[in-house]
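Colleague:
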């Protein structure tokens with residue numbers, strides 16, 4: 116037993132349908148879903164005119180703790196997350212120290228247990244230095260192993276650049292292998308060409324020409340070939356090109372796919388035309404590319420070649436971003452607004468609410484085998500968000516909750532707003548107010 120909340124007369128978006136009904140939350144779980152639920156002991160929320168969705172599971176974030184907490188930390192970024200309806204996240208291994216051992220993984224879990232307002236999971240980092248140790252582990256209990264972000268620590272850490280290492284890993288690893296897919300050799304050759312022309316002051320508009328379509332496509336094609344050879348579980352992180360989308364299948368359900376991929380919201384929202392306005396603030400790796408890529412990514416998301424939506428939320432200070440091309444850090448904060456971005460596409464008639472929920476809630480739970488989350492079902496954890504689709508507002512510095520205090524979306528007007536977010540039944544976000552008294556829980560995998 117525990118505190119009860121009754122959400123009345125709300126439009127419930129789950130599992131491909133939208134139905135008006137009531138949801139009773141008791142303690143940490145969804146107790147009852149029905150048409151006319153009454154419980155005098157429950158706190159009642161009137162959901163008339165609003166929509167209830169399963170809490171978003173963001174499968175790729177960089178919350179920077181430990182080691183980089185001048186930019187962000189587990190507390191600050193989980194506050195931003197829950198304000199945007201994100202109730203669970205999976206954090207990447209490029210903190211300091213890099214998460215290259217189970218001991219480092221456990222240390223991050225301990226930090227999150229006392230700091231994170233959202234539920235949390237972490238990828239184990241893998242590169243050439245710790246490959247043999249990872250291969251000795253029983254990785255079946257891990258969400259995934261990943262090389263993402265580790266190339267910042269040392270050149271040559273991208274698995275996609277080391278086919279022998281990638282093959283050894285994919286032929287032996289029992290968990291998902293999630294990789295950053297760019298060929299660094301192509302990127303470095305492009306860097307030299309543009310350095311010869313511009314010196315160190317390369318215009319940011321050249322970023323998608325340096326981190327080019329070719330660098331992404333060749334890397335992804337080769338990784339898929341190796342994974343297919345070994346019948347391995349490969350996940351390509353943050354896809355950026357229309358060309359790559361044709362390498363993925365949509366003729367079988369997600370549960371049967373060995374090779375999966377994702378798109379991050381900024382690659383759906385921005386194009387290379389935005390570099391003139393926003394400069395290095397939208398410098399991400401892989402790079403934001405052409406309008407045809409943006410449109411191709413959305414099409415592939417809708418037709419199920421792309422499986423999930425993530426943010427690749429990666430805060431840096433403004434000082435770190437506003438430097439010349441080679442010195443400017445890659446990444447930006449965006450988790451607070453990822454659902455708003457997707458709901459703008461809904462408002463424009465480009466995607467359905469049901470498909471948004473599938474890609475941001477259902478599918479991350481399926482892909483990573485997360486237990487009792489990602490759906491509005493009786494007996495599942497009450498990770499829920501209430502959304503008002505008729506609430507216009509503009510992003511300003513005052514509303515940004517990420518520790519770095521800025522966003523490339525400042526000045527953007529959205530037309531939908533998250534009004535309530537529940538994490539494990541706890542109303543953590545309520546019309547702009549955050550109750551941080553109860554922390555999130557570790558994401559656990561479904562037992563096979």
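Residue numbers (this note's numbering): 116 to 563.
Beta carbons: idealized from backbone N, C-alpha and C, even for Gly.
These numbers were taken from a predicted model, which means no experiment stands behind them.
In the structure shown, what three-state DSSP assignment does residue 403 receive?
Modeller: Counting from one through the chain shown, the residue named residue 403 turns up at place 288. Coil, per DSSP.
Colleague: Count the C-beta pairs between the region 442–459 and the region 525–532 that are closer than 8 Å, then say yes if the count reaches three, no if not.
Modeller: Short answer: they touch.
Colleague: Return the CA-CA distance between residue 260 and residue 161, expressed in angstroms with no decimal places.
Modeller: Along the chain shown, one-based indexing puts residue 260 at 145. Along the chain shown, one-based indexing puts residue 161 at 46. So the two alpha carbons sit approximately 42 Å from each other.
Colleague: Excluding five sequence neighbours on each side, which residues of the same chain lie with their C-beta closer than 7 Å to the C-beta of residue 154?
Modeller: As a position in the chain shown, residue 154 is number 39, starting the count at 1. Counting only Cβ-Cβ distances below 7 Å, and skipping sequence neighbours, we find 119, 121, 139.
Colleague: Residue 466 and residue 167: beta carbons closer than 8 Å?
Modeller: Taking the first residue of the chain shown as position 1, residue 466 is located at position 351. Taking the first residue of the chain shown as position 1, residue 167 is located at position 52. Going by C-beta atoms, residue 466 is not nearer than 8 Å to residue 167.
Colleague: Nearest to residue 443 by alpha carbon, out of 318, 221, 490, 376?
Modeller: Taking the chain shown and counting its residues from 1, one reaches residue 443 at position 328. It is 318 whose Cα lies nearest to the Cα of residue 443.
Colleague: What is the C-beta distance between residue 489 and residue 477, in whole angstroms, given that I count them as a contact (C-beta under 8 Å)?
Modeller: Within the chain shown, numbered from 1, the residue matching residue 489 stands at position 374. Within the chain shown, numbered from 1, the residue matching residue 477 stands at position 362. 5 Å between Cβ atoms; contact.
Colleague: Around the Cβ of residue 392, are there at least 16 other Cβ atoms within 10 angstroms (buried) or fewer (exposed)?
Modeller: Mapped onto the chain shown, residue 392 falls at position 277. Exposed, by the Cβ-count rule.
Colleague: Could you tell me the alpha carbon to alpha carbon distance between residue 419 and residue 241, rounded to whole angstroms?
Modeller: Sequence index remark: in the chain shown, residue 419 carries index 304 (1-based). Sequence index remark: in the chain shown, residue 241 carries index 126 (1-based). Spanning the two alpha carbons is a distance of roughly 28 Å.
Colleague: Answer yes if the region 203–222 comes into contact with the region 172–187, meaning at least three C-beta pairs across the two stretches below 8 Å, and no otherwise.
Modeller: Cβ pair count under 8 Å is three or more, so yes.
Colleague: Would you list, in sequence order, the uninterrupted beta strand (DSSP E) runs of no fewer than 3 residues that lie entirely inside the region 319–353?
Modeller: List check, beta strand (DSSP E) in window: 349–351.
Colleague: Is DSSP giving residue 281 helix, strand or coil here?
Modeller: Position 166 of the chain shown, counted from the start, is the residue given in the question as residue 281. Helix, per DSSP.
Colleague: Can you say whether residue 493 is buried or exposed, counting buried as having 16 or more other CB atoms within 10 angstroms of its CB?
Modeller: Counted from its first residue, the chain shown places residue 493 at position 378. The residue is exposed, with fewer than 16 neighbouring Cβ atoms inside 10 Å.
Colleague: Nearest to residue 180 by CA position, among 171, 214, 156, 379, is which residue?
Modeller: As a working note, residue 180 is residue 65 in the chain shown. Looking at the Cα atoms, 214 is the closest of the given residues.
Colleague: Quick one: give me the first and last residue of the alpha helix (DSSP H) that residue 141 is part of.
Modeller: Working through the chain shown from its first residue, we reach residue 141 at position 26. Counting along the chain, residue 141 falls outside any alpha helix (DSSP H), though it belongs to the beta strand (DSSP E) covering 132–141.
Colleague: Would you check if the distance between the CB atom of residue 430 and the CB atom of residue 186 is smaller than 8 Å?
Modeller: Indexing the chain shown from 1 puts residue 430 at position 315. Indexing the chain shown from 1 puts residue 186 at position 71. A contact, by the Cβ cut-off of 8 Å.
Colleague: Based on DSSP bridge pairs, tell me the residues matched to residue 293.
Modeller: Position 178 of the chain shown, counted from the first residue, corresponds to residue 293. Answer is 261, 350.
Colleague: How big is the Cα-Cα spacing for residue 236 and residue 378?
Modeller: Indexing the chain shown from 1 puts residue 236 at position 121. Indexing the chain shown from 1 puts residue 378 at position 263. If you take the alpha carbons of residue 236 and residue 378, they lie about 19 Å apart.
Colleague: I'd like the list of long-range same chain contacts for residue 537, defined as Cβ closer than 8 Å, with 5 residues on each side in sequence excluded.
Modeller: The count along the chain shown starts at 1 and reaches residue 537 at position 422. Cβ within range, chain order: 120, 140, 170, 202, 497, 498, 499, 500, 543.
Colleague: CA-CA distance, residue 156 and residue 137?
Modeller: As a working note, residue 156 is residue 41 in the chain shown. As a working note, residue 137 is residue 22 in the chain shown. Rounded to whole angstroms, residue 156 to residue 137 spans 15 Å at the Cα level.
Colleague: For a minimum of 3 consecutive residues, which ranges assigned as the beta strand (DSSP E) are wholly contained in the region 481–544?
Modeller: Those beta strand (DSSP E) runs which fall completely within the region 481–544 and span 3+ residues are 499–503, 532–538.
Colleague: Could you tell me the alpha carbon to alpha carbon distance between residue 357 and residue 288, rounded to whole angstroms?
Modeller: Taking the first residue of the chain shown as 1, we reach residue 357 at position 242. Taking the first residue of the chain shown as 1, we reach residue 288 at position 173. Taking the straight line from one Cα to the other gives about 29 Å.
Colleague: How many angstroms separate the CA atom of residue 516 from the CA atom of residue 277?
Modeller: In the chain shown, residue 516 corresponds to position 401, counting from 1. In the chain shown, residue 277 corresponds to position 162, counting from 1. Looking at the two C-alpha atoms, the distance is approximately 38 Å.
Colleague: If residue 401 sits next to residue 326, beta carbons under 8 Å apart, how far is it from one beta carbon to the other, in whole angstroms?
Modeller: On the chain shown, position 286 is the one that residue 401 refers to. On the chain shown, position 211 is the one that residue 326 refers to. Correct: roughly 5 Å between the Cβ atoms.
Colleague: Excluding the five sequence neighbours on either side, which residues of its own chain have a C-beta within less than 7 Å of the C-beta of residue 159, listed in chain order?
Modeller: Within the chain shown, the letter at position 44 stands for residue 159. Contacts found: 121, 123.
Colleague: Taking residue 340 and residue 298 to be in contact with their CB atoms under 8 Å, please state how far apart those CB atoms are, rounded to whole angstroms.
Modeller: Sequence index remark: in the chain shown, residue 340 carries index 225 (1-based). Sequence index remark: in the chain shown, residue 298 carries index 183 (1-based). Going by Cβ atoms, the distance from residue 340 to residue 298 rounds to 14 Å, so no, they are not a contact pair.
Colleague: Smallest Cα separation from residue 221: which of 561, 562, 557?
Modeller: If you number the chain shown from 1, residue 221 lands on position 106. The shortest C-alpha separation from residue 221 is found at 557.
Colleague: Express the C-alpha separation of residue 423 and residue 67 in angstroms, rounding to a whole number.
Modeller: There is simply no residue 67 to check, as the chain begins at 116 and stops at 563 in what is shown.
Colleague: Using DSSP with H/G/I as helix, E/B as strand and the rest coil, what is residue 424?
Modeller: Along the chain shown, one-based indexing puts residue 424 at 309. Residue 424: strand per DSSP, three-state reduction.
Colleague: By the DSSP assignment, the beta strand (DSSP E) with residue 377 in it spans what residues?
Modeller: As a first step, residue 377 must be located in the chain shown, where it is residue number 262. Run containing residue 377: 374–379, per the beta strand (DSSP E) assignment.
Colleague: Tell me which residues share the same chain as residue 546 and place their Cβ nearer than 6 Å to its Cβ, disregarding the 5 neighbours each side in the sequence.
Modeller: Mapped onto the chain shown, residue 546 falls at position 431. Only 534 meet the Cβ criterion.
Colleague: Tell me which residue opens and which closes the alpha helix (DSSP H) that residue 362 is part of.
Modeller: Within the chain shown, numbered from 1, the residue matching residue 362 stands at position 247. That residue, residue 362, is in no alpha helix (DSSP H); it is neither H nor E in DSSP.
Colleague: Under a Cβ-count criterion, where at least 16 other Cβ atoms within 10 Å of its own Cβ denotes burial, should residue 411 be classed as buried or exposed?
Modeller: What you label residue 411 is simply residue 296 of the chain shown in a count that begins at 1. The residue is buried, with at least 16 neighbouring Cβ atoms inside 10 Å.
Colleague: Below 8 Å between beta carbons: does that hold for residue 482 and residue 343?
Modeller: Walking along the chain shown from the start, residue 482 turns up at place 367. Walking along the chain shown from the start, residue 343 turns up at place 228. The answer is no: Cβ separation not under 8 Å.
Colleague: Go through its chain and collect everything with a Cβ distance to residue 433's Cβ below 6 Å, but skip five positions before and after it.
Modeller: Sequence index remark: in the chain shown, residue 433 carries index 318 (1-based). The residues are 521.
Colleague: State the start and end residues of the unbroken beta strand (DSSP E) segment that holds residue 309.
Modeller: One-based indexing of the chain shown puts residue 309 at position 194. Where residue 309 is concerned, there is no enclosing beta strand (DSSP E), although the alpha helix (DSSP H) it sits in stretches over 299–313.
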